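Asks: Once you've had a glance at the structure underneath, I'll fire off some questions.
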Amino acid sequence: MTTQNKSNGQEKEKITALYCRLSVDDDKKDMESNSITNQKQILLDYAKKYGYLHPVFFVDDGISGTTFQRPDFQRMQRMAENGEVGTIIVKDVSRFGREQVEMGRLTQVVYPSLGITFIAIQENINSTTGEGMEMLPFYSIFNEWYAAQTSKKIRAVNELKASQGRRVASAVAYGYKKIEGDKEQWYIDEPAAQVVRRIFALCLAGKGPTQIAKQLEREKILVPTAYFHSVGRKTSNPVPANIYGWRESTVEYILDNRQYTGCTVNGKSTTVSYKVHKVIENPKEEYQIVPNTQEAIIDENVWLRVQELRKNKRRPTKTNRKSLFSGLVFCADCKSKLHFCAAKSLKRNQEFFRCANYKDGRGNCTIHFIRDVVLEMVVKEAVAGLADFVRCYESVFLYMQKQKCGEFQKKTAA
Numbered sequence: 327m328t329t330q331n332k333s334n335g336q337e338k339e340k341i342t343a344l345y346c347r348l349s350v351d352d353d354k355k356d357m358e359s360n361s362i363t364n365q366k367q368i369l370l371d372y373a374k375k376y377g378y379l380h381p382v383f384f385v386d387d388g389i390s391g392t393t394f395q396r397p398d399f400q401r402m403q404r405m406a407e408n409g410e411v412g413t414i415i416v417k418d419v420s421r422f423g424r425e426q427v428e429m430g431r432l433t434q435v436v437y438p439s440l441g442i443t444f445i446a447i448q449e450n451i452n453s454t455t456g457e458g459m460e461m462l463p464f465y466s467i468f469n470e471w472y473a474a475q476t477s478k479k480i481r482a483v484n485e486l487k488a489s490q491g492r493r494v495a496s497a498v499a500y501g502y503k504k505i506e507g508d509k510e511q512w513y514i515d516e517p518a519a520q521v522v523r524r525i526f527a528l529c530l531a532g533k534g535p536t537q538i539a540k541q542l543e544r545e546k547i548l549v550p551t552a553y554f555h556s557v558g559r560k561t562s563n564p565v566p567a568n569i570y571g572w573r574e575s576t577v578e579y580i581l582d583n584r585q586y587t588g589c590t591v592n593g594k595s596t597t598v599s600y601k602v603h604k605v606i607e608n609p610k611e612e613y614q615i616v617p618n619t620q621e622a623i624i625d626e627n628v629w630l631r632v633q634e635l636r637k638n639k640r641r642p643t644k645t646n647r648k649s650l651f652s653g654l655v656f657c658a659d660c661k662s663k664l665h666f667c668a669a670k671s672l673k674r675n676q677e678f679f680r681c682a683n684y685k686d687g688r689g690n691c692t693i694h695f696i697r698d699v700v701l702e703m704v705v706k707e708a709v710a711g712l713a714d715f716v717r718c719y720e721s722v723f724l725y726m727q728k729q730k731c732g733e734f735q736k737k738t739a740a
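This is how it looks when you write it as C-alpha cells:
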C-alpha cells in the first residue's frame, strides 16, 4: 500500500484515529484475530511503520456494525468534524461498519471534504491515494449481507430454543446467578434473593414501589448494579454514585418479573430488523412461559397476589390520609376507579369517594358520591352476613370457593 508520512507541522496537530470494534455477533472462529487486543496491536504497528503521528485509540466493544450510534465512534466523529483528526485507520472495513449506505457517505463524501484519510489495512484501501477505493462499495455490500445472514441465523436459533422450552435471553435476573460450566441454568443467589423476597413482602404489606425504594435505601441495601460489582459479576453498567439509591422503576421491574416463580419467560420483546435496533415490547399475552426451569424465589400465588394488588394502585391524598378501600372501589357504570377525596377542611366522617371519570362535570360520568364511613359500614355488614353464611353452610361455602379458585387458575394459565 502506498502511504504518506504524516510528519509536517500542520498534521502534527491532528491525531491519527485508530478505530477498533468487536461485536457479540462476530463469528467465533474469527474472534481471536478480531479481538480488541489484536486489533490495537495491528493498528499501532501500522501507524508506527508508516509514520502516522499522534495515534489515539477509539474502541467499541460488543456493539453491532449495523449501527453507527456507537459511543466511541461518535466521539471520533465529533473530533473529526472539529478538525482534530487527520487519518482514520481500521484493521478491515467490517470493523468500521456493516451498513453500506452510511459507509459510502462517510468514506466517499464526509471524510474527503474534511481532508481526512481513511485506511483499511486488510483490504489495502487508502482514500487519499485512491488505492483500493473502487472495491470499497463491494466490500460494504458483502459486509452488510453478512450481518443480515448472521441476524437471520440468530433469530432462527432463538426461535428453536424457545420452541424447545429453553431460555433465550442471556441476562440473569437479580436474585439468580449462573455457575461456571453451565451457561443456561439459573441458581439462586441467596443474598440478592433475600432482597427480592423482602420487596414482595413489603408490597403485600401495602407499600408501593416508591415507598419500598425509600425503605431499601434507608436500610442501605445495595442496588442491583452495585451488588453485581461487589460480587465480581459482569455488568455493562457502571457503579452508580449512590450505591443505595433504589429507583421506583427497579422495584416495579422486580415485582413484575414472573421468572422469580421458577419459570422462563421468552418472547418479551423483539427488534424491527438487523439494521433497526429499536426494541419493541410484545403484549404479555404473547409471552412464552415455560414452568419449573429453576428453583423459585417467590411462590406463584404470592406473585399473582402482588399483580392483583398492583392493578389497584393507591393514590396518596394531599393530607397523606388513606382509606382502607383506596384503589379497590370502582364505578358501577363506567368501571373507572372511585378516587378517595380527603382535605384538611374535611372531618373524618366527611371524607368520600367519587368517580375518577367525573372530573367536576368535565368527564362523561356522574359523580357517584359515597362517604368512606358509609362504605365501611356497608362492607362490615356484608362481611358479617358472609360470616353467618359460613357458620350455617360451611360445606357449601368451601365448595363455592373451590370452584372459584379453579376458574381463576384456568384464567391465569391461559
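At position 382 of the sequence shown (counting the first as 1) the number is 708 in the working numbering, and the numbers step up by one without a gap. Ideal Cβ positions, reconstructed from N, Cα and C, are used throughout, including at glycine. The structure presented is a predicted model; accordingly, all values stated were derived computationally and were not measured.
1) Apart from the five residues just before and just after Ile525, which ones in its own chain have a Cβ nearer than 7 Å to its Cβ?
2) Could you tell me which residues DSSP pairs with Arg697 in its beta bridges?
3) Alpha carbon to alpha carbon, how far is Gln676 from Asp659?
4) If you follow the beta strand (DSSP E) that Cys346 is part of, which residue opens it and which one closes it?
5) Apart from the five residues on each side of it in sequence, which residues of its chain come closer than 7 Å, Cβ to Cβ, to Ser420?
6) With 16 other CB atoms within 10 Å as the buried threshold, where does Gln395 fall?
7) Note down, one range per segment and in chain order, each alpha helix (DSSP H) of at least 4 residues found wholly within the stretch 380-411.
8) Tell me, please, whether the CB atom of Cys667 is closer than 8 Å to any CB atom in chain C?
9) On the three-state DSSP scale, how would you describe Phe554?
10) Can we say the stretch 583-592 touches the stretch 555-564, given the rule of at least three CB pairs closer than 8 Å?
11) Pull up the distance between the alpha-carbon of Arg584 and that of Lys730, whole angstroms please.
12) In angstroms with no decimal places, state the Cα-to-Cα distance between His665 and Cys718.
13) Which runs of the beta strand (DSSP E) spanning at least 3 residues fall entirely within the stretch 613-639, listed in chain order?
14) So the candidates are Lys375, Ile547, Thr363 and Arg401; which of them puts its Cα closest to the Cα of Ala343?
15) If you drop the 5 nearest sequence neighbours on each side, which residues of the same chain put their C-beta closer than 7 Å to that of Lys546?
16) Can you check whether the CB of Ile623 is closer than 8 Å to the CB of Gly501?
17) Express the C-alpha separation of Phe695 and Phe679 in angstroms, rounding to a whole number.
18) Would you mind sorting Ile467 into buried or exposed? The rule is 16 or more other CB atoms within 10 Å of its CB.
19) Give the range of the alpha helix (DSSP H) segment to which Leu370 is assigned.
20) Taking DSSP's pairing of strands, which residues face Leu664 in a bridge?
21) Measure the beta-carbon distance from Tyr345 to Ile414 and round it to whole angstroms, keeping in mind my assumption that it falls under 8 Å.
22) How would you call Ile442, buried or exposed, if buried means at least 16 neighbouring beta carbons within 10 angstroms?
23) Suppose only complete runs of 4+ residues qualify. What are the alpha helix (DSSP H) ranges in the stretch 409-472, listed by chain order?
24) Is Tyr502 helix, strand or coil when you go by DSSP?
25) Hey, would you say Asp398 sits closer than 8 Å to Glu449, going by beta carbons?
26) When DSSP labels each residue in this structure, what does Val722 get in the three-state scheme?
27) Can you tell me where the beta strand (DSSP E) holding Val591 begins and where it ends?
28) Give the straight-line distance between the Cα atoms of Asn364 and Gly653, rounded to the nearest whole angstrom.
29) By a C-beta neighbour count over all protein chains shown, 10 Å radius and 16 as the cutoff for buried, is Leu724 buried or exposed?
30) By a C-beta neighbour count over all protein chains shown, 10 Å radius and 16 as the cutoff for buried, is Val521 buried or exposed?
31) Using a Cβ-Cβ cutoff of less than 7 Å, which residues in the same chain neighbour Val716 once the five nearest sequence positions on both sides are dropped?
32) Please classify Val411 as buried or exposed, where buried requires at least 16 neighbouring CB atoms within 10 angstroms.
33) Excluding the 5 residues flanking Ser662 on each side, which residues of the same chain have their C-beta closer than 8 Å to its C-beta?
34) Using three-state DSSP, classify Arg573 as helix, strand or coil.
35) Name the two residues that bound the continuous alpha helix (DSSP H) containing Ala518.
Replies: Let me spell this out:
1) Result list for Ile525: Ile538, Val577, Ile580 and Leu581, in chain order.
2) Answer is Phe678.
3) If I take the Cα positions, the gap works out to 24 Å.
4) Ile341 to Leu348 is the extent of the beta strand (DSSP E) around Cys346.
5) These residues qualify, in order along the chain: Gly391 and Asn469.
6) The residue is exposed, with fewer than 16 neighbouring Cβ atoms inside 10 Å.
7) You should have 397-407.
8) Looking for chain C here will not work: only one protein chain is present.
9) Annotated three-state conformation of Phe554 is helix, per DSSP.
10) Output reads no: the stretch 555-564 does not touch the stretch 583-592.
11) Near 23 Å, if we compare the C-alpha coordinates of Lys730 and Arg584.
12) Rounded to the nearest angstrom, the two C-alpha atoms are 37 Å apart.
13) Qualifying beta strand (DSSP E) stretches, in chain order: 614-616.
14) Comparing alpha-carbon positions, the option among Lys375, Ile547, Thr363 and Arg401 lying closest to Ala343 turns out to be Arg401.
15) Excluding sequence neighbours, Lys546 sits near Tyr570.
16) Taking 8 Å as the Cβ cut-off, Gly501 and Ile623 qualify as a contacting pair.
17) Linking Phe679 to Phe695 through their CA atoms gives a straight-line distance of about 6 Å.
18) By the neighbour-count rule (16 or more Cβ atoms within 10 Å), Ile467 is not buried but exposed.
19) For Leu370, the uninterrupted alpha helix (DSSP H) run begins and ends at Ile362 to Lys375, by DSSP.
20) DSSP lists Cys681 as partners of Leu664.
21) So it is a contact: roughly 6 Å between Cβ atoms.
22) Ile442 sits buried, since 16 or more C-beta atoms from the chains shown fall within 10 Å of its C-beta.
23) The DSSP assignment places complete alpha helix (DSSP H) segments of no fewer than 4 residues inside the stretch 409-472 at 419-422, 426-431 and 437-440, in order along the chain.
24) Of the three classes helix, strand and coil, the one that applies to Tyr502 here is strand, per DSSP.
25) Against a cut-off of 8 Å, the Cβ pair of Glu449 and Asp398 comes out as no contact.
26) Correct three-state label for Val722: helix.
27) Its beta strand (DSSP E) spans residues Thr590 to Asn592.
28) Their Cα atoms are separated by approximately 60 Å.
29) Around the beta carbon of Leu724, a 10 Å sphere encloses fewer than 16 other beta carbons of the protein chains shown; the residue is thus reported as exposed.
30) Classification for Val521: buried.
31) Answer for Val716: Phe723, listed in chain order.
32) With a threshold of 16 other beta carbon atoms within 10 Å, Val411 meets it and is buried.
33) The residues are Phe656, Cys681, Ala682, Asn683 and Cys691.
34) Reduced to three states, the DSSP call for Arg573 is coil.
35) From DSSP, the alpha helix (DSSP H) with Ala518 extends over Glu516 to Leu530.
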